[in-house]
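Here the protein sequences line up with chains G and R, keeping their order.
As numbered in my numbering, residues 1 to 247 make up the first sequence, in order.
As numbered in my numbering, residues 1 to 247 make up the second sequence, in order.
Protein chains: 2
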Amino acid sequence: MISLGRTINPHISVDCVVFGFSTNQLKILLIEREYRDDSGKQARDHKLPGDFITLNEDLDLAAVRTLEELTGLNSIYLHQFAFIGQPERIWKKSDMDWLNTTTGMEIQRVVTAAYFALINITESNSDFAIKNNASWIDIKEVPALAFDHRNIIDRGLAHLQKSLRNEPIGFELLPEKFTIRELQSLYEVILDCNLDNRNFRKKILKSNYLIQLDEKQIGVAHKPAFYYRFDKHIYNKQKKEYLGFNF
Amino acid sequence: MISLGRTINPHISVDCVVFGFSTNQLKILLIEREYRDDSGKQARDHKLPGDFITLNEDLDLAAVRTLEELTGLNSIYLHQFAFIGQPERIWKKSDMDWLNTTTGMEIQRVVTAAYFALINITESNSDFAIKNNASWIDIKEVPALAFDHRNIIDRGLAHLQKSLRNEPIGFELLPEKFTIRELQSLYEVILDCNLDNRNFRKKILKSNYLIQLDEKQIGVAHKPAFYYRFDKHIYNKQKKEYLGFNF
DNA sequence: GCAAAAGTGTTGTGACTACACCCATGA
DNA sequence: TCATGGGTGTAGTCACAACACTTTTGC
């Protein structure tokens, strides 16, 4: 999405790799775009949510703005994870033409700050996104993308996997209350592995920032699972500095 | 250092936090700069090695170039660790004036890619640096700096500590051959803690990429220590993916 | 009562911490 | 021979991996 009607800084952009999780799939938010291919024909493909920053706009805030315009959400987990500036990263003429057309400026070279966001997909923010030509696509079925966005997604995914191993961020992708099994599935899908559920439970419950609620699943054809919630406050309190070094 | 005589991209710069280690101190490479303070008086202070990128220059290569111009070295451990773009990061009028004067351009706002470098300080590269107004300063005695460079250093140091815990990068700061004790001191200084030397040895030698040489210290008034070298090849081979998650 | 997923305990192994003394050298 | 830093071993604790059965519900 390009900011028409704002004064942009045409040298610097933000791009957001937005992850969501639903029906046991890791999904990513992509935007459909219309462009003219090298032969001048109208075509469609997908790109990451992103935008040029405006003059005097803070980078982080530009990323927040981009996502808010797209999902209606403004307090989501969002961090910069890379900054990409190879001169040849926009190598297709059609991509460069598209930038020139949509901005109405002569774009030379764009350096982009890549952001990483985690969203709990709900009906409401999903509807909001659809109105903006955005849609949630399974990470395993990402089509060909504009610019170097495929590369940015791969780096974002690696970042997600690393973060998930080192900090409790999985909750950002789940609703307020969730079952241990849902959490385990999330880990399995993102890390692409199978986890022993006894060991997973022990490990995740030992750190006592998962609070068991009084509520159970209803209407399921098996023993209903308890719901839990993540208590960020407890986590922050007992977050410890790991002092060993293990390589 | 500003590239006079090159065509620069005045929106984007690189800044390098360059660490060195000598006489049991963690040091950082700073450049002395002349400028006019807000009252117009000639003054001196320090800044990080850095530069605007030139048109069509790759960011990573801009960082390599900056350091090569400064130290004569071109194959050093160098990684991007942050990208900083608050509009108010250059808040002092004197700093903005200095940029305008040295570049001969009207600078509006600069977004900078922060790089992190590790160097084994030698007489030769140290002499080279001195010729360029650069000097090695103990990390604990860093004076007031230009721009937001103090902040960048703090973030670089945090990055160094984190990296040192997770990857064997300490060797980059030491000469080719070193004693276990030197390595331990390096860990202690950077992590700001005391380590038990029996446990340190066990841990570091267990991973068998430290090769004991036939050579010992000479001329020391105590039992001479063996020298070791780091074998990157062995490390790369047995580098394992840590699959658990520990938070 | 049966299908389907939830939930639970034990054991072996390996990594970490804490801790104190002898060894080789130069002066 | 003494001062200096190099170099070594053991015991307790804790985290992790591997592994199979009982429980609760809807149909």
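Ideal Cβ positions, reconstructed from N, Cα and C, are used throughout, including at glycine.
Which listed residue (the options) has its alpha carbon closest to that of residue i
| i | options | result |
| --- | --- | --- |
| W98 (chain G) | G:D127, G:R36, G:A158, G:I204 | G:R36 |
| I84 (chain G) | G:A144, G:I152, G:E68, G:I119 | G:I152 |
| I76 (chain G) | G:T54, G:I119, G:R65, G:L61 | G:I119 |
| F250 (chain G) | G:Q86, G:Y228, G:E69 | In this structure chain G extends from 1 to 247, so residue 250 (chain G) is not present and cannot be described. |
| L174 (chain G) | G:F230, G:D138, G:A43 | G:F230 |
| Y235 (chain G) | G:K216, G:K206, G:D214, G:L213 | G:K206 |
| T122 (chain R) | R:R201, R:E215, R:E172 | R:E172 |
| L248 (chain G) | G:Q212, G:W91, G:E141, G:N74 | One cannot answer for residue 248 (chain G) here, as it falls past the ends of chain G, which runs 1 to 247. |
| E215 (chain G) | G:Q238, G:H149, G:N100, G:E176 | G:E176 |
| Q86 (chain R) | G:L55, G:A43, G:K237 | G:L55 |
| R6 (chain G) | G:W91, G:M96, G:T102, G:N74 | G:T102 |
| K203 (chain G) | G:N100, G:C193, G:L183 | G:L183 |
| P143 (chain R) | R:N24, R:R33, R:T23 | R:R33 |
| A43 (chain G) | G:K162, G:L145, G:H149, G:N125 | G:L145 |
| N251 (chain G) | G:D196, G:D138, G:D154 | In the structure as shown, chain G starts at 1 and stops at 247, and residue 251 (chain G) therefore has no counterpart that could be examined. |
| A239 (chain G) | G:N166, G:L61, G:W136 | Looking at the sequence provided, one finds Lys at residue 239 (chain G) rather than Ala. Ranking G:N166, G:L61, G:W136 by Cα distance to K239 (chain G) puts G:N166 first. |
| K313 (chain R) | R:R150, R:H149, R:D192, R:W136 | Nothing about residue 313 (chain R) can be reported from this structure: the residues present for chain R run from 1 to 247 only. |
Residue environment, residue i, which counts as buried when at least 16 other CB atoms sit within 10 Å
| i | result |
| --- | --- |
| K232 (chain G) | exposed |
| I218 (chain R) | exposed |
| T112 (chain G) | buried |
| S39 (chain G) | exposed |
| G244 (chain R) | Here G244 (chain R) scores only 43 on pLDDT, less than 50, and its place in the model is too uncertain to base an answer on. |
| E57 (chain R) | buried |
| I8 (chain R) | buried |
| R198 (chain G) | exposed |
| I130 (chain R) | exposed |
| L213 (chain G) | exposed |
| L59 (chain R) | buried |
| T66 (chain R) | buried |
| I109 (chain G) | Here residue 109 (chain G) is Arg; the residue named in the question, Ile, does not match the sequence. When all chains shown are included, R109 (chain G) counts as buried. |
| E241 (chain G) | Because E241 (chain G) sits at a pLDDT of 48, beneath the cut-off of 50, its placement in the model cannot be relied upon, and the point is left open. |
| K237 (chain G) | exposed |
| I91 (chain G) | In the sequence on display, residue 91 (chain G) carries Trp and not Ile. Its Cβ having fewer than 16 others within 10 Å, W91 (chain G) is exposed. |
| N125 (chain G) | buried |
| I107 (chain R) | buried |
C-beta atoms of residue i and residue j nearer than 8 Å
| i | j | result |
| --- | --- | --- |
| R89 (chain G) | F147 (chain G) | yes |
| L160 (chain G) | F116 (chain G) | yes |
| S13 (chain G) | G50 (chain G) | yes |
| I180 (chain G) | A221 (chain G) | no |
| A63 (chain R) | C16 (chain R) | yes |
| G156 (chain R) | A114 (chain R) | yes |
| M105 (chain R) | P168 (chain R) | no |
| L78 (chain R) | A134 (chain R) | no |
| L164 (chain G) | I190 (chain G) | yes |
| I28 (chain R) | K47 (chain R) | no |
| F19 (chain R) | L186 (chain R) | no |
Residues bridged to residue i (per DSSP)
| i | result |
| --- | --- |
| S227 (chain G) | What sits at residue 227 (chain G) in the sequence shown is Tyr, not Ser. Paired residue(s): none; Y227 (chain G) is not in a bridge. |
| Y115 (chain G) | G:C16, G:Q80 |
| Q25 (chain R) | R:S22 |
| R65 (chain G) | According to DSSP, which records beta bridges pairwise, R65 (chain G) is partnered with nothing at all. |
| T54 (chain R) | R:I8 |
| A134 (chain R) | R:I31 |
| I211 (chain G) | G:R229 |
| K47 (chain G) | G:I31 |
| F178 (chain G) | G:Y228 |
| R36 (chain R) | R:Q42 |
| L145 (chain G) | G:H46 |
| C93 (chain G) | Looking at the sequence itself, residue 93 (chain G) is Lys, so the reference to Cys does not match. DSSP output for K93 (chain G) lists no bridge partner at all. |
| K216 (chain R) | R:F226 |
If you measure beta-carbon to beta-carbon, which residues of the segment 144-174 of chain R are closer than 8 Å to chain G? Within the segment 144-174 of chain R, the residues whose Cβ lies closer than 8 Å to some Cβ of chain G are L164, R165, N166, E167, P168, listed in chain order.
Under 8 Å, CB to CB, which of the residues in the segment 113-143 of chain G have a partner in chain R? Among the residues of the segment 113-143 of chain G, those with a Cβ less than 8 Å away from any Cβ of chain R are A113, in the order of the chain.
At a CB distance below 7 Å, what residues from the segment 62-86 of chain R approach chain G? Give them in sequence order. Within the segment 62-86 of chain R, the residues whose Cβ lies closer than 7 Å to some Cβ of chain G are Q80, F83, G85, Q86, listed in chain order.
In chain order, what residues of the segment 96-115 of chain G put their CB closer than 7 Å to some CB of chain R? For the segment 96-115 of chain G, the residues whose beta carbon sits under 7 Å from a beta carbon of chain R are, in order, R109, V111, A113.
At a CB distance below 8 Å, what residues from the segment 7-25 of chain G approach chain R? Give them in sequence order. Here the close residues are N9, H11, I12.
Residues of the segment 48-59 of chain R with a CB closer than 9 Å to any CB of chain G: list them in chain order, please. Flagged, chain order: I53, L55, N56, E57, D58, L59.
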